[in-house]
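Chains as they are written, first to last, in the numbering used here: chain A, 271 to 583; chain B, 8 to 186; chain C, 2 to 152.
Even for Gly, the Cβ is constructed at its ideal location relative to N, Cα and C.
All figures in this text were calculated on a predicted structure; none of them were measured in a lab.
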């Protein structure tokens with residue numbers, strides 16, 4: 271690999287469309303989330319620069335490491351979360367901005383990169399010497415087992431229908447056959463994937479592991495300063511690239527012209543709006559209720575979707 | 008769970024009808040209504056330094072101290088519980104509960120009201136009697152009734168032992184005793 | 002990051018942790034009122050957090066009772082620097098009516114270094130909001146010691 275190609279890769283990972291771009295836009299989207307929540311709750315929300323001020327303030331605070339905690343795990347976990355989010359974002363946005371760079375199996379790479387932030391949360395909970403962290407880590411493990419099933423089944427439906435494992439071929443398939451959303455199995459897959467996205471982001475009604483009022487933040491209870499900032503940044507970046515991934519999967523071909531880009535933004539806004547409204551109007555589920563939901567109704571729905579995809583619907 | 012979702016979304020629509028209920032306070036004033044009891048305000052020209060308020064205060068916020076020819080009446084309002092017992096006890100109605108509630112401060116010393124009132128001394132022996140204002144108020148109240156001769160009213164400016172000694176030698180006071 | 006930018010971030014985003022140091026709950030209810038949509042403290046960037054490790058400011062209500070003092074000190078040490086301590090209510094300001102009780106320490110100033118007092122019994126939610134806005138430099142201070150000398 272030549273030096274300028276290496277430089278281009280570093281630039282695309284760190285600046286655009288990698289860490290810097292995703293972080294800035296992701297933080298802006300968390301402001302949109304807080305503003306819409308405020309409107310639902312009949313109040314003024316924070317000003318537009320609030321998430322940036324929050325992260326800046328957290329980076330400026332002292333980071334306290336609890337005595338007796340496993341330092342390596344405690345300090346590595348936020349970095350793992352950030353790395354997972356950054357690389358997942360790079361893969362998703364490469365499909366938008368540079369379709370030729372997609373490789374066979376990049377969807378599968380995306381699935382396991384997007385699973386890194388929850389694993390980092392589990393490591394964080396186990397490494398901080400705190401009962402809240404231990405309980406939170408256990409709950410996060412159960413939730414990961416629950417929602418990854420639905421997520422992978424939804425992607426399986428897409429794979430069955432399109433017959434390929436590359437982002438670029440998804441766009442070509444949807445340009446030929448219409449958006450996957452318009453078929454029954456595609457619609458089922460989108461609904462299941464939305465539930466799983468809500469759980470992956472750790473948003474109500476599925477924020478069981480990080481329950482603020484029950485578990486004092488769960489795995490994040492002992493974090494302060496830069497560690498907390500990196501975790502919050504990872505969630506903000508996931509809030510950007512995960513709905514974008516769903517739009518690319520289900521909602522139509524993305525072409526590099528202005529009209530298609532505007533359509534992408536509108537579809538992204540619709541998905542984000544759905545996630546935010548559900549987040550601000552629901553109470554938290556208990557762990558057993560959430561497991562019943564994911565392993566019961568949603569798994570059956572997703573399997574029905576797989577069956578429908580196999581018979582061509 | 009899905010029925011629950013529908014009902015929650017209906018509630019969200021109801022909330023949207025309320026609009027934005029946030030007050031623009033502190034950028035717009037939002038005064039208290041009715042008989043709100045805020046920070047006590049002392050009308051210093053009416054205080055006679057009698058100490059009725061200090062007696063009545065449950066938090067012992069008010070203190071009186073006689074130093075160097077002045078009576079220091081100190082209100083340390085950091086601890087005040089806004090019960091208005093001082094206002095009810097004051098005979099001169101010098102204390103009122105202002106509607107002020109924006110009293111945040113970095114040091115409790117900012118909430119101290121101190122009054123220095125001149126002390127009155129016995130005409131004969133020079134012992135401190137109380138504040139001059141209290142003396143003048145009693146004297147004017149008694150002379151308004153018209154029942155007491157001026158000498159008697161002037162005789163108030165003595166401490167009790169000196170008053171007793173004076174009574175043994177003043178004709179008009181002896182007349183009262185005889186009558 | 003230079004100091005000015007950090008100061009701006011700190012002023013725009015203050016996360017508070019509420020501690021009841023023996024209070025009668027009057028001040029706690031008024032603090033809860035400030036978090037409602039009617040007074041909406043989120044427009045100043047203020048958020049309630051549930052662990053002192055995430056907090057920037059401690060909102061302490063109550064005269065510090067003997068039982069709670071050790072726990073209050075541990076909570077204070079768990080807050081990372083830079084931190085603010087705000088004493089809410091007359092009890093925190095000087096001990097309230099418990100100032101000379103054997104069971105209290107007579108006010109927050111005797112236990113922790115306090116940055117701001119918000120007197121009141123209990124302080125109105127507007128008073129608490131005014132105090133925090135005053136700490137952020139948005140509104141001026143309105144109280145000063147008054148002295149009167151009879152001439």
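Practice problem: In the DSSP assignment, find the beta strand (DSSP E) that holds residue 119(B) and state where it starts and stops. | Solution: As a working note, residue 119(B) is residue 112 in the second chain. Per DSSP, the unbroken beta strand (DSSP E) holding residue 119(B) starts and ends at 119-128.
Self-check item: Whole-angstrom distance between residue 127(C) and residue 108(C), CA atom to CA atom
Solution: Your numbering for residue 108(C) matches position 107 in the third chain. Your numbering for residue 127(C) matches position 126 in the third chain. Our two residues, residue 108(C) and residue 127(C), have alpha carbons roughly 22 Å apart in a direct line.
Quiz item: Per DSSP, residue 73(B) forms a beta bridge with which residues?
Solution: Locating residue 73(B) in the second chain gives position 66, where the first residue counts as 1. Residue 73(B) is bridged to 78(B).
Quiz item: Using a C-beta to C-beta distance shorter than 7 Å, which residues of chain A count as neighbours of residue 27(B)?
Solution: For the purposes of this step, residue 27(B) is taken as the residue at position 20 of the second chain. Taking a Cβ-Cβ cut-off of 7 Å, the neighbours of residue 27(B) in chain A comprise 312, 313 and 314, given in sequence order.
Quiz item: Which two residues bound the contiguous alpha helix (DSSP H) that contains residue 411(A)?
Solution: As a first step, residue 411(A) must be located in the first chain, where it is residue number 141. Start and end: 401-432.
Quiz item: If contact means a Cβ-Cβ distance below 8 Å, which residues of the stretch 112-136 of chain B contact chain C?
Solution: Here the close residues are 112, 113, 114, 115, 116, 117, 118, 119, 120, 121, 122, 123, 124 and 125.
Quiz item: Taking 8 Å as the CB-CB limit, is residue 486(A) close to chain C?
Solution: As a position in the first chain, residue 486(A) is number 216, starting the count at 1. Answer yes: the Cβ-Cβ gap between residue 486(A) and chain C drops below 8 Å somewhere.
Quiz item: Are residue 94(C) and residue 85(B) close, meaning C-beta to C-beta below 8 Å?
Solution: Walking along the third chain from the start, residue 94(C) turns up at place 93. Walking along the second chain from the start, residue 85(B) turns up at place 78. Yes, the Cβ-Cβ distance between residue 94(C) and residue 85(B) is below 8 Å.
Self-check item: Under 8 Å by beta carbon: chain B residues contacting residue 547(A)
Solution: Taking the first residue of the first chain as position 1, residue 547(A) is located at position 277. The contacting residues are 16 and 19.
Exercise. Quick one: list the residues of chain A neighbouring residue 19(C), beta-carbon separation under 9 Å, in chain order.
Key: Taking the first residue of the third chain as 1, we reach residue 19(C) at position 18. Simply none; closest approach about 13 Å.
Self-check item: Residue-chain proximity (residue 308(A), chain C), Cβ-Cβ < 8 Å
Solution: Within the first chain, numbered from 1, the residue matching residue 308(A) stands at position 38. Proximity of residue 308(A) to chain C, defined by a Cβ-Cβ separation below 8 Å, is satisfied.
Quiz item: When Cβ atoms are compared, which residues of the stretch 471-485 of chain A fall closer than 8 Å to chain C?
Solution: For the stretch 471-485 of chain A, residues whose beta-carbon sits nearer than 8 Å to a beta-carbon of chain C comprise 482 and 483.
Quiz item: Helix or strand or just coil, what does DSSP make of residue 322(A)?
Solution: In the first chain, residue 322(A) corresponds to position 52, counting from 1. Assigned with DSSP and collapsed to three states, residue 322(A) falls in helix.
Quiz item: In the stretch 283-295 of chain A, which residues sit with their C-beta less than 7 Å from some C-beta in chain B, listed in chain order?
Solution: Of all residues in the stretch 283-295 of chain A, none places a beta-carbon less than 7 Å from a beta-carbon of chain B.
Quiz item: In chain order, what residues of the same chain lie with their CB nearer than 7 Å to the CB of residue 128(B), ignoring the 5 residues before and after it?
Solution: Walking along the second chain from the start, residue 128(B) turns up at place 121. For residue 128(B), where only same-chain residues beyond five positions count, the Cβ hits under 7 Å are 134, 135 and 136.
Quiz item: Where residue 264(A) and residue 300(A) are concerned, what is the direct C-alpha to C-alpha distance, given to the nearest angstrom?
Solution: Nothing about residue 264(A) can be read from this structure; chain A reaches only from 271 to 583.
Exercise. Pull up the CB-CB distance for residue 43(C) and residue 125(C), whole angstroms please, since I reckon it's below 8 Å.
Key: For this step, residue 43(C) is matched to residue 42 along the third chain. For this step, residue 125(C) is matched to residue 124 along the third chain. In this structure, residue 43(C) and residue 125(C) do not form a Cβ contact; the two beta carbons are roughly 19 Å apart against a cut-off of 8 Å.
Practice problem: Could you tell me whether the Cβ atoms of residue 320(A) and residue 46(C) are closer together than 8 Å? | Solution: Position 50 of the first chain, counted from the start, is the residue given in the question as residue 320(A). Position 45 of the third chain, counted from the start, is the residue given in the question as residue 46(C). Closer than 8 Å, so yes.
Self-check item: 7 Å CB neighbourhood of residue 15(C) in its chain, flanking five on each side removed
Solution: Along the third chain, read from residue 1 onward, the residue named residue 15(C) stands at position 14. If we look at residue 15(C) and ignore the five residues flanking it on each side, its Cβ neighbours are 46, 47, 57 and 58.
Practice problem: Sort 78(B), 126(B), 124(B) and 115(B) by Cα distance to residue 145(C) and report the nearest one. | Solution: The count along the third chain starts at 1 and reaches residue 145(C) at position 144. Residue 145(C) has its Cα closest to that of 115(B), out of 78(B), 126(B), 124(B) and 115(B).
Self-check item: Close beta carbons around residue 166(B), own chain, < 7 Å, minus the five adjacent residues each side
Solution: The count along the second chain starts at 1 and reaches residue 166(B) at position 159. Cβ within range, chain order: 129, 132, 134 and 136.
Quiz item: Under a CB-based cut-off of 8 Å, is residue 46(B) close to chain A?
Solution: Start at 1 with the first residue of the second chain, and residue 46(B) comes out as number 39. With 8 Å as the cut-off, residue 46(B) does not count as an interface residue toward chain A.
Quiz item: Near residue 113(B), what residues of its chain come up, given a Cβ to Cβ distance below 7 Å and the 5 sequence neighbours on each side ignored?
Solution: In the second chain, residue 113(B) corresponds to position 106, counting from 1. Excluding sequence neighbours, residue 113(B) sits near nothing in its chain.
Quiz item: At least one CB of chain A closer than 8 Å to the CB of residue 71(C): is that the case?
Solution: Position 70 of the third chain, counted from the start, is the residue given in the question as residue 71(C). No, its Cβ sits nowhere closer than 8 Å to a Cβ of chain A.
Quiz item: With distances taken from CA atoms, which of 361(A), 303(A) and 291(A) is nearest residue 551(A)?
Solution: Here residue 551(A) refers to the residue found at position 281 of the first chain. Comparing Cα-Cα distances from residue 551(A) to each of 361(A), 303(A) and 291(A), the minimum goes to 303(A).
Quiz item: Between residue 413(A) and residue 476(A), which are expected to be in contact by the criterion C-beta below 8 Å, what is the C-beta distance as a whole number of angstroms?
Solution: By 1-based counting over the first chain, the position of residue 413(A) is 143. By 1-based counting over the first chain, the position of residue 476(A) is 206. 7 Å between Cβ atoms; contact.
Quiz item: How would you label residue 91(C), buried or exposed, when you count the other beta carbons within 10 angstroms and need 16 or more for buried?
Solution: Mapped onto the third chain, residue 91(C) falls at position 90. Taking all protein chains in view, the Cβ of residue 91(C) is crowded by 16 or more other Cβ atoms within 10 Å, so the residue is classified as buried.
Exercise. Could you tell me how far apart the beta carbons of residue 492(A) and residue 339(A) are, in whole angstroms, since I believe they sit closer than 8 Å?
Key: Here residue 492(A) refers to the residue found at position 222 when the first chain is read from its first residue. Here residue 339(A) refers to the residue found at position 69 when the first chain is read from its first residue. Contact between residue 492(A) and residue 339(A) holds, with the beta-carbon distance rounding to 7 Å and staying under 8 Å.
Exercise. Leaving out five residues on either side along the sequence, give the residues of the same chain with a beta carbon under 7 Å from the beta carbon of residue 468(A).
Key: The residue labelled residue 468(A) in the question sits at position 198 within the first chain. Sequence-distant Cβ neighbours of residue 468(A) in its own chain, meaning closer than 7 Å and more than five residues away, are 476, 545 and 548.
Quiz item: Of all the CB atoms in chain A, is at least one closer than 8 Å to the CB of residue 139(C)?
Solution: On the third chain, residue 139(C) is found 138 positions in, with the first residue counted as 1. Not one chain A Cβ lies under 8 Å of residue 139(C).
Practice problem: Taking residue 55(B) and residue 141(B) to be in contact with their CB atoms under 8 Å, please state how far apart those CB atoms are, rounded to whole angstroms. | Solution: Taking the second chain and counting its residues from 1, one reaches residue 55(B) at position 48. Taking the second chain and counting its residues from 1, one reaches residue 141(B) at position 134. Yes, residue 55(B) and residue 141(B) are in contact; Cβ-Cβ is about 4 Å, under 8 Å.
Quiz item: Does the beta carbon of residue 326(A) come closer than 8 Å to any beta carbon on chain C?
Solution: On the first chain, residue 326(A) is found 56 positions in, with the first residue counted as 1. Cβ-Cβ to chain C under 8 Å: yes for residue 326(A).
Practice problem: Please list the partners that residue 146(C) has in chain B, where partner means a Cβ-to-Cβ separation under 8 Å. | Solution: Numbered from its first residue, the third chain carries residue 146(C) at position 145. What residue 146(C) touches in chain B: 116, 117, 118, 119, 120 and 121.
Practice problem: Compare the beta carbon distance of residue 501(A) and residue 490(A) with 8 Å and say whether it is the shorter of the two. | Solution: The count along the first chain starts at 1 and reaches residue 501(A) at position 231. The count along the first chain starts at 1 and reaches residue 490(A) at position 220. With respect to residue 490(A), residue 501(A) sits close: the two C-beta atoms are nearer than 8 Å.
Self-check item: DSSP three-state assignment for residue 154(C), whether helix, strand or coil
Solution: Here chain C comprises residues numbered 2 to 152, so residue 154(C) is not present and cannot be evaluated.
Quiz item: Among the residues of its own chain, which have a CB less than 8 Å from the CB of residue 190(B), if the five just before and after it don't count?
Solution: Because chain B is modelled from 8 through 186, residue 190(B) falls outside the range shown and cannot be assessed.
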